[in-house]
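2 protein chains.
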Amino acid sequence: MPAASDDIRNTAPDRISEAEHTVMEALWQRSPLTALEICEEVCSRRDWSLATVKTLLSRLVVKQAVETKPDGRRFLYTPLLEKSDYTGSESRRLVDRLFGGRAAPLFAQLAESEALTENDLAEMEALLRELRK
Amino acid sequence: MPAASDDIRNTAPDRISEAEHTVMEALWQRSPLTALEICEEVCSRRDWSLATVKTLLSRLVVKQAVETKPDGRRFLYTPLLEKSDYTGSESRRLVDRLFGGRAAPLFAQLAESEALTENDLAEMEALLRELRK
DNA sequence: GAATTCAGTTTACAACTGTAATCGTATCAT
DNA sequence: ATGATACGATTACAGTTGTAAACTGAATTC
Chain W
1 MPAASDDIRN
11 TAPDRISEAE
21 HTVMEALWQR
31 SPLTALEICE
41 EVCSRRDWSL
51 ATVKTLLSRL
61 VVKQAVETKP
71 DGRRFLYTPL
81 LEKSDYTGSE
91 SRRLVDRLFG
101 GRAAPLFAQL
111 AESEALTEND
121 LAEMEALLRE
131 LRK
Chain R
1 MPAASDDIRN
11 TAPDRISEAE
21 HTVMEALWQR
31 SPLTALEICE
41 EVCSRRDWSL
51 ATVKTLLSRL
61 VVKQAVETKP
71 DGRRFLYTPL
81 LEKSDYTGSE
91 SRRLVDRLFG
101 GRAAPLFAQL
111 AESEALTEND
121 LAEMEALLRE
131 LRK
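Chains as they are written, first to last, in the working numbering: chain W, 1 to 133; chain R, 1 to 133.
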């Protein structure tokens, strides 16, 4: 293995917080967006001010989860982090942390707390059949 | 609806943090335990000192997730929060936050990120058959 | 009974979060 | 040009979390 100059890319990928995730959701839905447009999407729902969205955006830029393109005097924000990467790693984290990495107990738990709809069951059955092919 | 004196019981149930959860796991496995016994279970794995475990335990007491019984000069700690309550609410939180409350997409996501073992699939099939009965 | 030890309690302190308000400046309108 | 605006950047500040060291008082030991 290479020695020095190997510590490049050693950046532990910086968790995205819940509030930041809300902003990411808006961008995953549609992008690029301005800070104001994002606020229009989320501010009333979360009872946030525009300033809050701006703070979250700058933190997301630092975490390299979004990218900015100047557009006149403002910025257009585009997601760099992909939604499926985020949901994938968060889901796996939970399964690891709470269920020792095994997925079935998670769904057993959801079933037990009545978090599974008829629809969920059907979709999961279909998916399983698909995975079996 | 009743007016004053209604704000009793308004205690939002205080999240358990990840580090605290590690301590809970030890107690769910076997209880009651002393702080030292808990440390024996988790300290080396998490690279913690006994002091850290003690801090986490006192926070868990404040959050009413564990209870203490004096035993001579030390305490025996017993979980009050049940494991399934914790895993249930954490799981539902994740499903709500990331997948709009639907479980099937979570399953799809785990499949896509190759987080499902052959064993998981088999268990899932069994679980779904069970839920169908 | 005095010294030591050991347990919980209190205090510490930096990083991360949630939630903004304020500042500085590049543009837009007049 | 000039003053008002509208941006992003900087600063703020309290609460939570991770990680522990210091303190205090009771129990054990000699």
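Idealized CB from N, CA, C, for every residue including glycine.
How about residue i and residue j: are their beta carbons less than 8 Å apart?
i, j, result
"Phe75(W)", "Thr34(W)", "yes"
"Gln109(W)", "Ser49(R)", "no"
Quick check: the Cα distance between residue i and residue j, rounded to an integer number of angstroms?
i, j, result
"Trp28(W)", "Tyr86(R)", "30 Å"
"Arg45(R)", "Glu37(R)", "14 Å"
"Val53(R)", "Cys43(R)", "8 Å"
"Ile16(W)", "Lys63(W)", "8 Å"
"Met24(W)", "Arg30(W)", "10 Å"
"Glu125(W)", "Arg102(W)", "18 Å"
"Ala19(R)", "Ala26(R)", "12 Å"
"Glu82(R)", "Pro32(W)", "44 Å"
"Pro79(W)", "Thr68(W)", "9 Å"
"Leu56(W)", "Gly88(R)", "29 Å"
"Leu60(R)", "Cys39(R)", "15 Å"
"Ala65(W)", "Asp14(W)", "9 Å"
How is residue i classed by DSSP in three states: helix, strand or coil?
i, result
"Asp85(R)", "helix"
"Thr78(R)", "strand"
"Asp14(W)", "coil"
"Lys63(W)", "coil"
"Ala51(W)", "helix"
Which stretch, first to last residue, makes up the alpha helix (DSSP H) that contains residue i?
i, result
"Pro105(R)", "Ala103 to Glu112"
"Lys69(R)", "Looking at the DSSP string, Lys69(R) is not in any alpha helix (DSSP H); the run it does join, the beta strand (DSSP E), is Val66 to Asp71."
"Asp120(W)", "Glu118 to Arg132"
"Arg46(W)", "Ala35 to Arg46"
Just checking my contact of residue i with residue j at CB under 8 Å: how many whole Å lie between their CB atoms?
i, j, result
"Ala122(W)", "Leu127(R)", "Not quite, the Cβ-Cβ distance comes to about 14 Å (not below 8 Å), so this is no contact."
"Ala115(W)", "Leu131(R)", "That belief does not hold up - the Cβ atoms of Ala115(W) and Leu131(R) are roughly 12 Å apart, past 8 Å."
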